[in-house]
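Participant: 444 is the number of the first residue of the sequence shown in my numbering; add one for each residue after it.
By construction, the Cβ of each residue, glycine as well, lies at the ideal position given by its N, Cα and C atoms.
Before we start, here is the structure in question, set down as structure tokens.
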Amino acid sequence: MAVPKKKRTLRRNRNRRALQKLIPLNLTHCPHCDKLIPPHTVCKFCGYYGTESIIPIKEKAHKPATA
Ligand SMILES: [Zn+2]
């Protein structure tokens, strides 16, 4: 069985894992509503994937203006 040559210290582990969190999310613009979404996902704002409507999303009922 392969055995690690040296013990990895807690500090080394934590330093490595701290860097993993620093990498920012990769986001693209939705071609339909132009909001920021992760690539290759259905847009959660308009329900579109590329040019196709996948999920029908109801428009939020706007509150009537107080006047
Ligand atoms: Zn969208």
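For Leu479, does the three-state DSSP call read helix, strand or coil?
Facilitator: Locating residue 479 in the sequence shown gives position 36, counting from the first residue. Of the three classes helix, strand and coil, the one that applies to Leu479 here is strand, per DSSP.
Participant: Just to confirm the assignment, what range does the alpha helix (DSSP H) spanning Arg460 have?
Facilitator: Position 17 of the sequence shown, counting from 1, holds the residue named residue 460. Arg460 -> alpha helix (DSSP H) spans 453 to 465.
Participant: Tell me the DSSP secondary structure of Pro494 in three-state form.
Facilitator: On the sequence shown, residue 494 is found 51 positions in, with the first residue counted as 1. Looking at the sequence provided, one finds Thr at residue 494 rather than Pro. Coil, per DSSP.
Participant: Grouping DSSP H, G and I as helix and E and B as strand, with all else coil, what is Thr471?
Facilitator: The count along the sequence shown starts at 1 and reaches residue 471 at position 28. Looking at Thr471 - three-state DSSP - the assignment turns out to be strand.
Participant: Is the beta carbon of Lys478 within less than 7 angstroms of some heavy atom of ligand 1?
Facilitator: Within the sequence shown, numbered from 1, the residue matching residue 478 stands at position 35. Checking the Cβ of Lys478 against ligand 1 gives yes.
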